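Single-structure report; data block below.
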Amino acid sequence: IDVKTWRAVGAWTWGAGDAGDVCGICRIAYDGCPPDAKFPGDDSPVVWGRCGHAFHLQCITKWLSGNAQDAPRCPICRGAWEFKE
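Read in order, the letters of the sequence shown correspond to residues 1 to 85 in full-length UniProt numbering.
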């Protein structure tokens with residue numbers, strides 16, 4: 001076999017959860033573009049809480065700022081929210 005041409009195609013993924021998993025707040029795939037971001041990728045990183053739940057950074061930031069009077073809580077399990085380092 002002689003290879004005459006080669007066309008490579010690349011793809012990226014955040015590696016958050018299983019294929020088809022979505023952000024629990026905006027319901028858009030982790031690799032997709034959340035409502036407050038212009039482009040997917042570095043503009044919309046995925047972050048995890050100590051509880052193990054993942055969200056787009058813009059989504060969890062908006063969620064936490066909307067509930068500023070209370071202690072920050074995970075929207076999925078209602079446990080105390082802390083960003084996982």
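All C-beta atoms, glycine included, are put in the ideal place defined by N, C-alpha and C.
Small disclaimer: the values here were computed from a predicted structure and weren't measured.
In the assembly as shown, W81 is a buried residue. Its beta-carbon has 16 or more other beta-carbons within 10 Å.
Contiguous beta strand (DSSP E) elements confined to the UniProt domain "RING-type" (23-78) occur at 46-48, 54-56, taking only those with 3 or more residues. Counting the other Cβ atoms within 10 Å of the Cβ of Q69 gives fewer than 16, which makes it exposed. In this structure, P45 and L57 form a Cβ contact; the two beta carbons are roughly 5 Å apart against a cut-off of 8 Å. Distance from the CA atom of V22 to the CA atom of V9, rounded to whole angstroms, is 24 Å.
In this structure, the alpha-carbon of F83 lies about 23 Å from that of F39.
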